[in-house]
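First to last, the protein sequences are chains H and Y.
Take the first sequence: its letters are residues 2 to 757, numbered as in our numbering.
Take the second sequence: its letters are residues 201 to 319, numbered as in our numbering.
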Amino acid sequence: MNNSEEVCEHNTLSLTTELLIEGAGCASCVGKIENALNSLEDVESATMNFAERIVTVEGTASTEQLISAVEIAGYNAKVIQLNAESERLDEKEKADGKYYRKMMREMTIALSLGIPLMIYGMFIGEMTVNTNLERLGWLIVGVLTFAVMYFSGRHFYIGAWKSFKNHSANMDTLIALGTATAWLYSMVVVFVPHVVPDMARHVYFEATAMIIGLINLGLALEVKARGKTSEAIKRLIGLQPKTAEVIRDGKSIEIKIEQVLLEDIVRVKPGEKVPVDGIVCEGHTAIDESMLTGEPMPVEKKVGDEVVAGTINKSGSILFKATRVGKDTALAQIINMVKRAQNSKPPIGRLADVIAAYFVPSVMIISVVSALIWLNFGPQPAVAFAVVSATTVLIIACPCALGLATPMSVMVGVGKAAEAGVLIRNGEALQTASKITAMILDKTGTITLGAPKVTDVITIEGVEEAEVLQLAASLEAGSEHPLALAIVDSAKERGLEILKVERFEAIAGHGVKANCSGLTLLFGNPKLMRQNEVEIEPFEIEAQDLANEAKTPMYFAVNGKLTALIAVADPIKEDSDAAIKRLQNNGIRVVMLTGDNLATAQAVANKVGISEVFADVLPEDKVEKVKQLQMENEIVGMTGDGINDAPALAMANVGFAIGTGTDVAIESADVTLMRGSLHGLADAIAVSKATLRNIKQNLFGAFIYNVAGIPFAAGILYPFFGLLLSPVIAGAAMAFSSLTVVTNANRLRLFKPAKN
Amino acid sequence: MMIMVNILGLLLIALIVYWFWIYREKDTQVSENSVLILVENGIYQPSRITFRTGQPFTLNFKRIDESPCAAMLLIPALEISQELTLGKITPLELPALEKGEYEFHCQMQMYRGTLIVEK
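Take a look at the structure:
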């Protein structure tokens with residue numbers, strides 16, 4: 002058995018199924034249900050959680066067998082989908098479709114009465130009640146309007162009444178009050194015309210029918226537009242396949258993705274999607290990870306490499322061992338994070354929230370005040386004016402536009418960023434990212450590839466290169482620093498054996514110290530040498546030359562004497578230069594931060610066009626550098642690989658972690674770039690700026706609409722121009738205001754960050 | 201006549217202020233570790249729920265309301281946002297919370313409720 006087969010040890014054929022039990026009212030049912038399931042031959046164990054009504058079954062019995070056993074025991078059962086995101090989405094789409102059709106149907110009914118009435122009022126006759134014939138005619142129209150209110154507007158009245166009983170008020174309250182006021186007034190005019198002045202004997206049945214029709218139309222169109230705002234999530238959810246081929250007891254079986262267990266061996270053939278996260282244990286292939294990272298080139302995968310759910314296997318067939326399943330896969334976490342971020346609010350939206358919470362009762366008060374002002378000071382027929390203005394105020398005020406302005410834009414913006422491989426943690430990060438004025442970039446792994454290689458080994462006379470490398474590698478074997486890994490890799494490439502070291506000591510920001518084969522070894526920067534009184538003059542010029550070539554020179558001393566100089570270079574990422582220019586073109590001050598020496602740092606900085614460099618910075622001092630820029634009134638973004646940069650990432654106004662889409666410290670930063678390219682930074686800032694602009698447009702529109710709309714509806718223009726808004730126009734405006742907000746947010750979907 | 205109308209109008213305003221802003225719904229005390237909250241006709245019912253600190257609990261939301269406004273539930277203080285499936289129970293498991301009040305609402309804050317966590 003070769004090594005890869007050992008890793009690919011197969012799992013036993015056992016499944017975990019969770020059933021939701023219905024009809025289990027008492028604790029004694031638990032025993033009955035468990036016994037019924039345990040009596041099945043292929044069930045290993047069945048345990049029920051009574052509080053949650055969930056029974057967990059281990060074994061190979063099919064779900065049909067399990068459900069039928071529960072039914073025979075006298076209860077109902079259904080399978081719980083552990084990963085039911087896609088089904089939930091399907092259900093939501095179905096429900097939205099049903100709601101859309103219902104609203105359109107109700108709109109048609111209402112407008113087929115409203116439009117003819119409005120045409121009659123505008124072009125054919127007067128909507129007044131003066132004769133008995135007119136009374137009869139309007140009575141019939143009144144009854145028809147009532148039918149419209151019942152068939153098309155019932156949901157507004159029920160909603161309004163239920164919320165009223167619960168001391169809350171919403172959009173339904175305003176529409177119900179507005180349309181009911183218009184209808185009731187009109188019925189009073191029809192039944193007892195003499196209680197209102199002659200001039201005020203006007204009916205407003207058309208307003209009631211038109212408003213109900215238009216608001217229903219607005220709701221229908223809004224639900225369609227809203228569906229589009231969650232397209233990014235739909236795309237992410239759609240990445241995960243529904244089934245997986247696993248190997249258990251040596252047999253290959255196809256199971257639902259929810260049933261894949263940790264350590265299952267999963268087979269993925271060319272062209273198929275990787276179902277869960279895992280580590281390749283047999284075969285090699287190229288995998289397209291572009292859907293998660295935005296990186297267009299397929300990535301080579303061999304035994305020991307990690308594969309991520311949702312990516313596509315391009316070339317060879319592989320077996321891999323599942324390491325993360327269900328809600329723990331990187332994809333599931335990304336989906337979760339995007340969903341959470343999509344529903345969080347940036348601070349800019351908070352004022353609108355506060356206003357929205359008090360909005361409806363305030364509008365009701367304004368409506369009463371407006372009616373009173375008309376009654377007290379208005380011209381005749383004051384009663385009719387009062388009714389029209391009260392109704393129009395109720396109808397025109399739109400809490401929806403105000404409430405939707407921010408969340409809709411955030412939803413689209415965060416989704417848009419995710420499409421570009423940028424995960425934004427929350428609304429606050431989104432808003433702050435749009436204001437960044439200075440960006441600190443860590444050098445290793447951020448600007449450079451983070452995969453340094455040994456380039457030069459210079460020794461004193463009489464000392465062999467291999468000898469130095471072997472000792473240096475032995476010294477660094479325990480360290481995880483990228484430079485240490487380069488030394489160890491180089492030694493391994495030359496077939497050198499790693500020796501045992503004693504009294505190992507890592508001195509942060511300086512280097513390492515240890516004993517090996519009876520020798521005292523020191524390996525690190527000039528500071529470490531000086532501290533230990535090692536003369537570095539012999540190699541100082543060479544070190545300077547290497548540093549000028551963007552290489553990192555490290556001194557190696559044996560028993561207090563400088564023995565060698567080892568240089569390591571970390572190649573700069575291909576597109577770092579272009580991405581940094583993009584940031585600078587956007588007016589952002591770009592600063593490089595590194596623990597490396599100034600000469601090397603300066604050489605790298607020169608290559609990528611950065612003029613400000615903080616070099617020789619100890620990990621604990623990175624925070625200080627962030628603070629320093631903040632003291633200069635900069636809004637600071639900090640980009641690092643998320644491990645030793647964590648405190649600085651947290652201190653910065655926005656912390657950007659460079660991840661690879663797999664082992665991302667997803668929770669640690671405000672923004673996570675799933676691909677290594679720094680273009681992600683510029684994309685993140687561009688998307689956040691576009692989203693903030695969109696939110697501002699929406700909030701401005703919603704505020705102006707309500708601030709201007711309400712006094713307009715109350716009749717503020719009447720004393721000057723004799724103008725009073727019709728409730729029908731108000732209804733149309735309300736219906737389309739929230740639609741406008743959602744449509745404007747949807748415009749963001751077309752946004753493409755500039756590439757220069 | 202106008203005086204009567206004005207008094208009526210002012211009373212109406214007072215009623216609106218009292219009914220929607222001053223009045224507070226009675227808290228629903230929950231002794232078990234879960235509660236069923238109906239999302240129906242523009243409201244959460246119950247909407248003020250009292251739990252004890254130190255125990256995790258489950259909010260089971262049953263959405264009957266088909267308006268898309270009811271679809272999303274947010275608990276900003278806990279960074280929770282949850283899509284509520286129509287006609288089904290969506291359980292929301294919460295960890296043991298610190299003492300305090302936690303608001304939950306729809307995206308537009310038209311549906312509103314409060315979790316009160318007491319000692």
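We put the CB at the ideal spot given by N, CA and C, even for glycine.
Nothing here was measured: the structure is a model prediction, and the numbers come from that model.
Query	Result
Neighbour flag for H/Ala372 against chain Y, beta carbons, 8 angstroms	yes
Segment contact, 8 angstroms Cβ cut-off, at least three pairs: the region 285 to 300 of chain Y with the region 86 to 100 of chain H	yes
Neighbour flag for Y/Tyr302 against chain B, beta carbons, 8 angstroms	No chain B appears in the structure shown, which is made up of the protein chains H and Y.
Check whether H/Val672 and H/Ala434 have beta carbons under 8 angstroms apart	yes
Extent of the continuous beta strand (DSSP E) run through H/Arg325	Ile319 to Arg325
Y/Tyr306, DSSP secondary structure in three states	Checking the sequence, you will find Cys at residue 306 of chain Y rather than Tyr. Coil at Y/Cys306, not helix or strand.
N- and C-terminal bounds of the alpha helix (DSSP H) containing H/Met632	Lys623 to Met632
Coarse secondary structure for Y/Ser234, derived from DSSP in three states	strand
Cβ-based burial, H/Arg583 [other Cβ within 10 Å; buried from 16]	buried
Option nearest H/Leu424 by Cα separation, candidates H/Met338, H/Ser739 and H/His168	H/Met338
Residues of its chain near H/Leu486, where Cβ-Cβ distance is below 7 angstroms and the 5 sequence neighbours each way are ignored	none
Under 7 angstroms by beta carbon: chain H residues contacting Y/Val205	Leu376
Distance, H/Leu405 Cα to H/Thr692 Cα	14 angstroms
H/Met2, buried or exposed, once every other Cβ within 10 Å from all chains shown has been counted against 16	Because the pLDDT at H/Met2 is just 37, under 50, the model does not fix this residue reliably, and the value given afterwards should be weighed accordingly. H/Met2 comes out exposed.
Close Cβ partners of Y/Gln255 (< 7 angstroms) along its chain, the five nearest in sequence each way excluded	Asn233 and Ala296
Element boundaries [alpha helix (DSSP H), containing H/Leu41]	Careful: H/Leu41 lies outside any alpha helix (DSSP H) and carries neither H nor E.
Cα-Cα separation between H/Gly463 and H/Thr521, rounded to whole angstroms	18 angstroms
Cβ neighbour criterion (16 or more within 10 Å) applied to Y/Trp221	exposed
8 angstroms Cβ cut-off: residues of chain Y touching H/Ile159	Asn241
Coarse secondary structure for H/Cys30, derived from DSSP in three states	helix
CB-CB length for H/Ser345 against Y/Glu279, believed under 8 angstroms	7 angstroms
Run of the beta strand (DSSP E) containing H/Val464, from where it starts to where it stops	Neither: H/Val464 is in no beta strand (DSSP E) and is coded neither H nor E.
Through-space distance from H/Lys33 to H/Val743, alpha-carbon basis	52 angstroms
Neighbour list for Y/Gln229 in chain H, Cβ cutoff strictly below 8 angstroms	What Y/Gln229 touches in chain H: nothing, since even the nearest Cβ is about 18 angstroms away.
Three-state class that DSSP yields for H/Asn36 in the structure shown	helix
Cβ neighbours of H/Asn560 in the same chain (closer than 8 angstroms, five flanking residues each side left out)	Leu520 and Thr521
Contact under 8 angstroms by Cβ, H/Leu218 with H/Ala736	yes
Minimum Cβ-Cβ distance from Y/Glu279 to chain H less than 8 angstroms	yes
Residues that DSSP places opposite Y/Tyr244 in a beta bridge	Y/Val239
Within-8 angstroms CB hit, Y/Glu298 to chain H	no
Whole-angstrom distance between Y/Met202 and Y/Asn260, CA atom to CA atom	52 angstroms
Cross-strand partners of H/Cys517 (DSSP beta bridge)	H/Val502 and H/Leu520
Chain H residues whose Cβ lies nearer than 8 angstroms to that of Y/Arg312	Ser169 and Ala358
Nearest-angstrom Cα separation, counted from Y/Leu238 out to H/Val394	31 angstroms
Helix, strand or coil at H/Leu240 according to DSSP, with G and I counted as helix	coil
Y/Gly313 to H/Glu223 span [Cα, whole Å]	25 angstroms
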